[in-house]
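First the structure, in the form of structure tokens, and then the observations on it.
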Amino acid sequence: MHHAYVNPFTVLSLAVAILGAWTALDLFNRTRSHLGAARLRWLGVAALALGVSIWSMHFLAMLGFHVEEPVSYDAGLTLVSFLLATAGTAAAFLAAGTARPAAWRLAPAALLMGGAIVAMHYVGMAAMRMNASLTYRPGLVALSVVVAVVAAYAALIAARQERDRVWRGVAAVILGLAIVSMHHIGMAALTVTANGGGAPVEGGASPVVLAVAVTAGAVTLLFLAVGASMADQRANVLAAVDAGGVGFWEATLPMKAPVMSRRAREILSIDPAERLGPSEIGDRLSPDDLPRHRQALDQAIGGTGEYDQEWFLPGSGRWIHLRGRLIRSRSGRPLKMSGVITDITDRREAFAALADSERLQWVLINELNHRVKNTLATVQSIARQTARRTPDVATFTTLFEARLLALSNTQNLLTAGNWERVDLRAMLAQELAPYAEEQVRLTGPDVDLTAQQTLGMGMVFHELAVNAAKYGALANATGCVRVDWSVTDRHLLLDWVESGGPQVQPPQRRGFGSALIESTVNRSLGGSAALAYLPEGLSFSLRLPL
356 MHHAYVNPFT VLSLAVAILG AWTALDLFNR TRSHLGAARL RWLGVAALAL
406 GVSIWSMHFL AMLGFHVEEP VSYDAGLTLV SFLLATAGTA AAFLAAGTAR
456 PAAWRLAPAA LLMGGAIVAM HYVGMAAMRM NASLTYRPGL VALSVVVAVV
506 AAYAALIAAR QERDRVWRGV AAVILGLAIV SMHHIGMAAL TVTANGGGAP
556 VEGGASPVVL AVAVTAGAVT LLFLAVGASM ADQRANVLAA VDAGGVGFWE
606 ATLPMKAPVM SRRAREILSI DPAERLGPSE IGDRLSPDDL PRHRQALDQA
656 IGGTGEYDQE WFLPGSGRWI HLRGRLIRSR SGRPLKMSGV ITDITDRREA
706 FAALADSERL QWVLINELNH RVKNTLATVQ SIARQTARRT PDVATFTTLF
756 EARLLALSNT QNLLTAGNWE RVDLRAMLAQ ELAPYAEEQV RLTGPDVDLT
806 AQQTLGMGMV FHELAVNAAK YGALANATGC VRVDWSVTDR HLLLDWVESG
856 GPQVQPPQRR GFGSALIEST VNRSLGGSAA LAYLPEGLSF SLRLPL
């Protein structure tokens, strides 16, 4: 019996085969970004896409098969052919995709897949109902099996490659042509012999209607699979971005309400259920920053640069880094803006702390320079005054060393107080520590002296203590030094009174101690001091602004 193919159905079957091969390769590529059960699911989806496309290709090509008798299809066998195509490709893809074996080890999976495709073809042919018998030429049947296995092997090899979309498209065309070739070789092996006198077979639905239905169903399923792949890829990207603490946002142009990831909403303190407005980010900036934000956004939308700005959010007290890029269509038309948002509060605070530290690490250097200069000036003054009033080198050495030791002790107190504050009582107690407790009386409230006041008063108290030990109340065992102080109107009032020592004689000339007290208290510290050489003991009075 004469039979032939109608060309439109053949072309349509080829298009479905190529589309299915491309979709299957794309879906198989998604397995590389998944592990465990998710990987197996995507392998199954890829295999289903290829199986559906192969079966649809076969069915569409068979709709173009034209004989002189009406043809219908057995629903059960047609379903079996569909299951053979999908199950065989699924098993082969799962076998090839669960590991990365050598290429030659894919041969068993290729035999399984190719055999399933051939079985699908010939079971589909057996589903045809017409007043004719079908026989096949063994040589061409064997050739169709070989082509099917080779096509399956090529599909498995291609699926394992990590290439770009151009390569994937070329591979899909080759696979589609190979699968269609297998079908037509199998059809070339067919011989249709009319059965004489049989009851006529009623024709089924119109081939055009069936072709439209099958094509629509196959294409819909393939596009749904591709859409699921794209959604999964987007979800993976967003999950990775969120895991890095970065939020994602996207807005269609002209600027409409943006879409934001969960992390982006957290950074901007937006409730997950809250509906967003077109100026959602700008509404959270301060009025002073809003013009710069709009200018930068307009430049990005105009294509003159990327949006890359850092902003302070007054409502939440956070700093954010906002980046955005213009996305264009193939024709160059602006489509949307997309970008990321990062919470940089910690970074900004760290930079501010570093800047404060650097401004401090220089204040300290300048303060150290100042204090070293002051200390050297003090040592120079001590040396000059001591040398001026000592008759020989031995006496100079003794007095100079004692005064340097007093200066050193004062420096130790300042170091313990971080060169900021020193307690007056602690300074007096240190200076008078070498003497018996019953000979010293210290009475007064807690008073903190500055570094400058500590250095000056430390030298003053040292001179008074040395003088008391040599000529005054501490020169014998019965004398007493009483130091009383109080604070009135932010001034320190202090009295150093000696009693019980040798009778005091006023000095014949002005000594180093008197000069030091006048220079330190009256001039350096802006206070006032007075010495009284009473017969019963020396008296020293001090008034010092705090």
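Taken in order, the sequence shown gives residues 356 to 901; the numbers are from our numbering.
Glycine is no exception: its CB is placed at the ideal position from the N, C-alpha and C atoms.
Sequence-distant residues of its chain with Cβ nearer than 7 Å to residue i (five each side left out)
i, result
"Leu498", "Ile540"
"Ala824", "Ala830"
"Leu466", "Val504"
"Ala580", "Thr378, Leu382, Val400 and Ala404"
"Gly531", "Leu369, Ala372, Ile373 and Ala376"
"Tyr903", "In the structure as shown, the chain begins at 356 and stops at 901. Residue 903 is therefore absent and cannot be evaluated."
"Gly524", "Trp377"
"Leu819", "Trp851 and Phe895"
"His846", "Arg898, Leu899, Pro900 and Leu901"
Residue i versus residue j: straight-line alpha-carbon distance, rounded
i, j, result
"Lys611", "Pro669", "24 Å"
"Glu665", "Trp522", "41 Å"
"Pro689", "Glu661", "13 Å"
"Val535", "Pro425", "24 Å"
"Asp711", "Arg703", "12 Å"
"Gly856", "Gly834", "5 Å"
"Ser641", "Ile675", "13 Å"
"Thr745", "Val821", "15 Å"
"Arg776", "Gly632", "57 Å"
"Ala832", "Val795", "11 Å"
"Tyr888", "Val859", "6 Å"
"Thr607", "Arg683", "11 Å"
"Leu901", "Asp801", "13 Å"
"His538", "Ser693", "47 Å"
"Pro363", "Val528", "18 Å"
"Ala708", "Asp701", "10 Å"
"Ala513", "Pro646", "53 Å"
"Ser854", "Arg864", "23 Å"
"Asp912", "Arg630", "Residue 912 lies beyond the stretch modelled for the chain, which goes from 356 to 901, so this question has no answer here."
"Leu439", "Ala549", "29 Å"
8 Å Cβ shell around residue i - same chain, five flanking residues per side excluded
i, result
"Leu432", "Val478, Gly479, Ala481 and Ala482"
"Val556", "Because the pLDDT of Val556 is 47, which lies under 50, any placement of that residue in the model is unreliable, and the number read from its coordinates should be weighed accordingly. Cβ within range, chain order: Glu424, Pro425, Val426, Ser427, Arg484, Met485 and Asn486."
"His648", "Ile636, Gly637, Leu640, Gln664 and Trp666"
Buried or exposed by the 16-neighbour rule on C-beta atoms within 10 Å, applied to residue i
i, result
"Trp840", "buried"
"Pro613", "buried"
"Phe578", "exposed"
"Asp698", "buried"
"Gly658", "exposed"
"Gly892", "buried"
"Thr441", "buried"
"Trp717", "exposed"
"Ser584", "buried"
"Phe603", "buried"
"Glu786", "buried"
"Glu635", "buried"
"Thr748", "In the sequence under discussion, the amino acid at residue 748 is Val, which differs from the Thr named in the question. That one is exposed."
"Val500", "buried"
"Ser686", "exposed"
Limits of the unbroken beta strand (DSSP E) element including residue i
i, result
"Lys691", "Pro689 to Asp698"
"Ile656", "That residue, Ile656, is in no beta strand (DSSP E); its alpha helix (DSSP H) goes Leu645 to Ile656."
"Ala887", "Ser883 to Leu889"
"Gln785", "Unbroken run through Gln785 is the alpha helix (DSSP H), Leu779 to Glu786; no beta strand (DSSP E)."
"Leu893", "Gly892 to Pro900"
"Ala791", "Element bounds for Ala791: n/a, residue is neither H nor E."
"Leu819", "Segment Ala806 to Lys825 is the alpha helix (DSSP H) holding Leu819; no beta strand (DSSP E) there."
"Arg683", "Arg673 to Arg683"
"Ala832", "First-last for Ala832: undefined, no H or E at that position."
"Glu853", "His846 to Ser854"
"Gly602", "Val601 to Thr607"
Same chain only: Cβ atoms within 6 Å of residue i, ignoring 5 sequence neighbours per side
i, result
"Val852", "Arg837 and Ser894"
"Thr575", "none"
"Ala554", "Confidence is the limiting factor: at Ala554 the pLDDT is only 49, short of 50, which leaves the residue's position unreliable, though a coordinate-based value still follows. Nothing meets the Cβ criterion."
"Gly811", "Thr875, Ser879 and Leu880"
"Ala544", "Tyr491, Arg492, Leu495 and Val496"
"Ser624", "Ser671"
Residue i, enclosing alpha helix (DSSP H) - first and last residue
i, result
"Phe462", "It is Ala, not Phe, that sits at residue 462 in the sequence shown. Segment Ala462 to Ala481, the alpha helix (DSSP H) holding Ala462."
"Glu665", "Careful: Glu665 lies outside any alpha helix (DSSP H), inside the beta strand (DSSP E) at Tyr662 to Leu668."
"Ala619", "Arg617 to Ile622"
Whole-angstrom C-beta distance between residue j and residue i, which should lie under 8 Å
i, j, result
"Thr365", "Gly406", "The Cβ separation is near 21 Å, so there is no contact."
"Ser896", "Ala884", "7 Å"
"Val596", "Val695", "7 Å"
"Phe909", "Val569", "Residue 909 lies beyond the residue range present for the chain, which begins at 356 and ends at 901; the question has no answer from this structure."
"Pro627", "Arg620", "6 Å"
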